[in-house]
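**Student:** Numbering (the numbering used here), first residue to last: 477 to 845.
Put into structure tokens, the structure is as follows:
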């Protein structure tokens with residue numbers, strides 16, 4: 477699980493944004509605030525009977541908020557360094573109280589210097605003391621509040637970002653756990669199939685040595701084919717059918733003429749992705765419960781159909797029916813669990829009695845893109 481970063485970027489600025497882009501975003505934000513206050517200043521002055529020009533309103537308001545733009549960099553740095561958190565709030569709160577008091581005073585000193593420079597530019601010089609006194613008495617409390625507004629926005633942005641980081645981490649952890657469960661389920665299928673195949677070879681060895689030898693050779697080829705499969709949970713249907721046909725070649729040695737198989741897979745569905753080893757446990761179950769207990773010829777039919785949104789995989793046998801399928805083994809249990817893990821409620825798995833005898837297993841999956 478990746479470590480969650482503790483550093484908090486400037487509000488609205490992601491960790492990967494360049495310093496220039498961050499500066500431009502902050503400049504645009506404070507300019508918008510300055511324009512808003514300039515409009516208010518212009519209208520209120522006109523209504524009160526002491527009108528000012530738009531350029532005067534703009535210059536005074538923009539300068540006010542550009543000073544705050546410069547000071548906000550320090551406020552945001554303090555919020556990153558000393559966040560007020562639920563379990564550790566006392567010391568950061570004290571630091572921010574001291575900082576808000578100091579920056580409110582600092583704003584007055586800086587704004588007075590700027591105002592003095594403006595007075596010189598318009599040819600009406602004013603003394604520094606004359607300019608700073610009204611700023612200290614009239615704007616100090618407002619500046620104090622502005623500091624805490626900036627701090628609140630910075631903390632809100634930080635909490636929002638951390639929340640989404642934790643959400644992404646939780647989703648990533650859930651995905652990794654799901655993959656681990658699927659890999660464990662898939663890993664169980666290989667030894668399960670191998671043990672069953674070796675058991676069949678062992679039983680055949682006492683009856684027909686040549687058939688057992690041929691079965692062992694085909695099993696070796698099948699295992700090589702399975703080892704070539706990648707670690708992906710899904711594979712093209714054509715690959716699944718190729719593997720299944722190789723498996724049935726082995727079983728035909730054991731069943732002989734008693735086993736007939738039929739594949740009904742339209743060519744346009746060969747590229748559809750299905751879970752690997754999804755059909756082999758079902759076919760194995762049909763052979764074990766539907767065909768092996770009887771001396772009569774058995775038939776397996778494997779088919780695939782597509783509807784508008786789903787892919788249907790079907791395995792049918794002509795055995796004795798559901799009475800022989802008393803319980804799920806490892807293969808069927810893992811198949812159901814894998815389907816649920818991979819597709820959730822977008823899949824279905826059913827075992828039903830065929831009217832003419834035997835069992836029908838139907839798997840419904842969403843169509844792959």
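Cβ coordinates follow ideal geometry from the N, Cα and C atoms, glycine included.
Measuring CA to CA, which of 821, 834, 741, 592 is closest to residue 774?
**Tutor:** Of 821, 834, 741, 592, the residue nearest in Cα terms is 834.
**Student:** How many Å lie between residue 539 and residue 571 at the Cα?
**Tutor:** Between residue 539 and residue 571, the C-alpha separation is close to 28 Å.
**Student:** Which two residues bound the contiguous beta strand (DSSP E) that contains residue 756?
**Tutor:** Run containing residue 756: none in the beta strand (DSSP E); it sits in the alpha helix (DSSP H), 756 to 762.
**Student:** Between residue 757 and residue 710, is the Cβ-Cβ spacing less than 9 Å?
**Tutor:** The answer is no: Cβ separation not under 9 Å.
**Student:** Is the CB-CB distance between residue 505 and residue 545 below 9 Å?
**Tutor:** Contact flag set, yes.
**Student:** Can you tell which of 826, 841, 737 has the C-alpha that lies nearest to the C-alpha of residue 820?
**Tutor:** Closest by alpha carbon: 841.
**Student:** I'd like to check one pair, residue 730 with residue 691: are the Cβ atoms closer than 9 Å?
**Tutor:** Their beta carbons are under 9 Å apart, which means residue 691 touches residue 730 by this criterion.
**Student:** Less than 8 Å between C-beta atoms, sequence neighbours within five positions excluded: which residues of the same chain meet that for residue 661?
**Tutor:** Note that residue 661 scores 48 on pLDDT, short of 50, meaning its location in the model is unreliable; the coordinates nonetheless yield the value given after this. Closer than 8 Å at the Cβ level, and outside the excluded window around residue 661, lie 810, 813, 814, 817.
**Student:** Between which two residues does the alpha helix (DSSP H) carrying residue 720 extend?
**Tutor:** Here the alpha helix (DSSP H) through residue 720 covers 713 to 731.
**Student:** Entirely within the region 565 to 616 and at least 4 residues each: give me those alpha helix (DSSP H) ranges in chain order.
**Tutor:** Taking only runs of at least 4 residues, the alpha helix (DSSP H) segments lying wholly in the region 565 to 616 are 566 to 597.
**Student:** Can you tell me whether residue 683 is helix, strand or coil according to DSSP?
**Tutor:** Of the three classes helix, strand and coil, the one that applies to residue 683 here is coil, per DSSP.
**Student:** Taking the beta strand (DSSP E) that residue 839 falls in, what are its first and last residues?
**Tutor:** From DSSP, the beta strand (DSSP E) with residue 839 extends over 835 to 842.
**Student:** DSSP three-state call for residue 532: helix, strand or coil?
**Tutor:** Of the three classes helix, strand and coil, the one that applies to residue 532 here is helix, per DSSP.
**Student:** Please classify residue 738: is it buried, with 16 or more other beta-carbons within 10 angstroms of its beta-carbon, or exposed?
**Tutor:** Burial call: exposed.
**Student:** Contact between the region 596 to 606 and the region 523 to 540 is defined here as three or more beta-carbon pairs at a separation below 8 Å; is this criterion met?
**Tutor:** No, the region 596 to 606 does not touch the region 523 to 540.
**Student:** With DSSP run on the structure shown, which of helix, strand or coil describes residue 779?
**Tutor:** Strand at residue 779.
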